[in-house]
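Numbering (our numbering), first residue to last: 76 to 665.
Here it is as structure tokens:
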């Protein structure tokens with residue numbers, strides 16, 4: 076790409092982003108904009124001026140403009156857009172923004188900004204704008220520069236939709252979007268922009284209210300009309316009554332259930348086979364992922380742990396995604412949700428099921444999923460059976476089958492949670508699975524598991540890696556000081572095993588990789604645990620692991636260390652996935 080092309084692309088990206096943002100604001104309910112002149116805001120001002128269904132007025136004084144917008148929104152009860160350029164312009168909006176916050180007036184404040192590389196370096200007309208209205212907004216966000224990779228039009232649209240939802244919720248008020256643009260601000264030539272006719276969406280404001288029970292029939296009718304649907308339960312959707320509600324909805328619709336390990340739907344299962352346990356295994360296969368094309372995904376809770384499930388969703392951008400969440404949240408990192416429904420997973424399932432007219436005979440769609448699931452899991456089981464060493468997939472199988480009814484399994488981030496997702500097979504006995512899948516850190520795992528054990532007062536096992544254990548050595552001390560009752564299973568591969576699956580493992584020399592990523596420590600974790608008052612034992616086989624686990628579950632503080640050869644473990648995972656692919660190639664879902 077030559078310099079002229081790059082310049083043209085930056086200007087075109089700026090205007091394209093601005094057009095998408097402004098167009099979606101209008102489609103989501105904005106009818107009026109108040110514009111203050113400026114250079115950096117040129118793409119946004121132009122997008123406002125050229126939109127035929129968006130009224131606008133231009134104001135030379137930002138303080139006056141902001142109060143003008145405030146009075147208009149207060150009187151009309153409708154949200155409005157307020158736009159200015161970079162620098163002190165936005166600061167002059169503050170008094171009106173503060174008033175809007177207190178008097179609950181919906182304003183969408185757009186401040187154009189200079190790119191991050193110019194901030195704090197003495198560039199003119201540049202100041203800290205991201206926190207201009209801290210304490211006064213219902214929501215604030217800074218977008219990336221449109222010319223950066225990742226600042227696609229889909230993000231501009233979902234940013235606009237969320238801004239309207241946040242500003243017009245149960246507690247209306249101002250929303251701030253800080254929007255940096257690199258130069259050239261506009262393309263060298265500006266062509267006519269064809270604006271698609273779009274109906275005003277009533278779904279977005281409705282997302283701030285609980286699902287109305289009177290809509291049950293409408294929702295059920297919409298879902299019953301879709302054959303290729305999937306119920307996807309992510310982390311933190313757990314509810315003790317969710318399993319029966321989810322299976323009832325699955326039976327009524329004839330849809331498969333994809334369930335994250337910490338959703339609570341991978342144990343204590345009905346015999347209907349609706350839960351697809353091998354989703355992570357089978358959706359790694361490109362042909363299977365393509366064949367299992369959904370028309371609608373109803374997603375509950377947070378984003379799933381499985382990268383292959385996330386990739387499968389991204390592979391089918393034409394599928395609608397409904398996001399069911401009891402909080403007024405926007406856990407949609409793919410920016411895919413076409414509808415937000417405020418309800419708990421159980422409430423939604425029960426509400427829709429109550430409006431259906433019976434149980435659907437398993438359709439070809441569900442049978443395809445079940446067939447691929449059986450093939451993938453059988454291939455993985457055969458691979459585990461043929462491997463003589465006791466590696467992390469074997470730990471999954473031993474834990475999953477060995478924990479008693481009603482036990483709690485706390486699964487640490489990095490590899491442990493992914494191992495459970497891959498290899499946890501159907502299980503009849505109830506098992507509570509917990510994981511910190513919000514920010515996904517490895518810190519505080521021992522302490523968190525101790526807290527869970529104290530709260531639940533039932534057999535509790537933490538499975539973590541060696542670095543996670545070392546990251547929370549003070550948790551071992553806390554267990555001793557507070558008389559905790561916990562069993563820790565630590566898979567010790569002497570470093571960060573998850574990095575073996577990332578590009579760095581192939582792209583940098585081994586010495587550099589070990590120093591910067593794997594970080595081997597060479598510590599004896601059993602000695603460490605004993606020094607802090609825990610019983611500790613090292614095992615190397617399924618039989619010795621099962622015996623140690625049974626002793627530990629009798630009570631007290633125990634560490635079971637499984638020494639893992641990191642290279643062998645990485646190679647074994649690759650061989651499992653190859654075996655699954657080969658078997659799926661021979662026995663494709665029909």
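Even for Gly, the Cβ is constructed at its ideal location relative to N, Cα and C.
Subject >> The alpha helix (DSSP H) enclosing residue 480, as first and last residue numbers >> reply: Residue 480 -> no alpha helix (DSSP H), and no H or E assigned at all.
Subject >> Helix, strand or coil at residue 217 [DSSP, three-state] >> reply: strand
Original post:
In angstroms, rounded to a whole number, what distance separates the CA positions of residue 183 and residue 130?
Top reply: 15 Å
Subject >> Counterpart residues of residue 534 in DSSP-defined beta bridges >> reply: Note: residue 534 sits in no beta bridge, so no partner.
Original post:
Between the C-alpha atoms of residue 211 and residue 173, what's the straight-line distance to the nearest angstrom?
Top reply: 6 Å
Original post:
Alpha carbon to alpha carbon, what distance is there between residue 155 and residue 100?
Top reply: 9 Å
**OP:** Since I believe residue 621 is in contact with residue 473 (beta carbons under 8 Å), could you give me their beta-carbon distance rounded to a whole number of angstroms?
**Re:** 6 Å
Subject >> Simplified DSSP state of residue 655, which is helix, strand or coil >> reply: helix
**OP:** Could you tell me which of 305, 505, 112 sits nearest to residue 326, measuring between CA atoms?
**Re:** 305
**OP:** Could you work out which residue in 214, 409, 313, 523 is closest to residue 45 when comparing CA atoms only?
**Re:** Nothing in the structure corresponds to residue 45, since the chain is present only between 76 and 665.
Subject >> Residue closest to residue 251, alpha-carbon to alpha-carbon, out of 259, 263, 238 >> reply: 238
**OP:** Let me know the secondary structure DSSP gives residue 279 once reduced to three states.
**Re:** Reliability fails at residue 279, whose pLDDT of 39 lies under 50, so the model's placement of it is uncertain and the value that follows must be treated cautiously. Helix at residue 279.
**OP:** Would you mind giving the Cβ-Cβ distance between residue 531 and residue 337, rounded to the nearest angstrom? I have them listed as a contact below 8 Å.
**Re:** Contact doesn't hold; Cβ gap of about 14 Å is too wide.
Original post:
In its own chain, which residues sit with a C-beta less than 6 Å from the C-beta of residue 200, not counting the 5 before and 5 after it?
Top reply: 161, 162
Original post:
Leaving out five residues before and five after residue 659 in sequence, what residues of the same chain have Cβ atoms less than 8 Å from its Cβ?
Top reply: 357, 360, 362, 363, 447, 450, 451, 454
Original post:
Is the stretch 464-480 touching the stretch 599-618, taking contact as three or more C-beta pairs under 8 Å?
Top reply: yes
Subject >> residue 395, DSSP secondary structure in three states >> reply: strand
Subject >> Completely contained alpha helix (DSSP H) runs for the stretch 539-582, where each covers 4 or more residues >> reply: 541-546, 548-557, 579-582
Subject >> Meets three-Cβ-pair contact criterion under 8 Å: the stretch 415-434 and the stretch 311-319 >> reply: yes
**OP:** With DSSP collapsed to three states, give me the class of residue 284.
**Re:** In this prediction, residue 284 has a pLDDT of 49, which is less than 50 and means its spatial position is unreliable; nothing more can be read from the coordinates.
Original post:
So, residue 190 versus residue 220, is the Cβ gap smaller than 8 Å?
Top reply: yes
**OP:** Decide yes or no for the touch test of the stretch 506-520 against the stretch 476-492: beta carbon pairs closer than 8 Å, at least 3 of them.
**Re:** yes
**OP:** Tell me whether residue 636 sits in a helix, a strand or coil according to DSSP, three-state version.
**Re:** strand
**OP:** Report yes or no: do three or more beta-carbon pairs, one from the stretch 552-561 and one from the stretch 580-588, lie closer than 8 Å?
**Re:** no
Original post:
At a cut of 8 Å, does the stretch 333-351 reach the stretch 365-380 through at least three beta carbon pairs?
Top reply: yes
Original post:
Among residues of its own chain, excluding the 5 on either side of residue 630, which ones have a beta-carbon nearer than 8 Å to its beta-carbon?
Top reply: 560
Original post:
So, residue 440 versus residue 300, is the Cβ gap smaller than 8 Å?
Top reply: no
Subject >> Exposed unless 16 or more other CB atoms sit within 10 angstroms - verdict on residue 310 >> reply: buried
**OP:** Just confirm the distance between the C-beta atoms of residue 256 and residue 187, as a whole number of angstroms; I'd bet it's less than 8 Å.
**Re:** 6 Å
Original post:
Does the Cβ of residue 657 have 16 or more other Cβ atoms within 10 Å, making it buried, or fewer, making it exposed?
Top reply: exposed
Original post:
Are there three or more Cβ pairs, one per stretch, closer than 8 Å when the stretch 129-143 is compared with the stretch 163-172?
Top reply: yes
Original post:
Quick one, are the C-beta atoms of residue 369 and residue 394 less than 8 Å apart?
Top reply: yes
Subject >> Whether residue 415 touches residue 486 by CB criterion (8 Å) >> reply: no
Original post:
Going along the chain, which residues of its own chain have a beta-carbon closer than 6 Å to the beta-carbon of residue 623, five neighbours each way excluded?
Top reply: 612, 614, 635
Original post:
Along the chain, where does the beta strand (DSSP E) that runs through residue 616 open and close?
Top reply: Premise fails: residue 616 is in no beta strand (DSSP E) and is neither H nor E.
Subject >> Same chain, Cβ closer than 6 Å to residue 247, neighbours up to 5 away in sequence not counted >> reply: 179, 181
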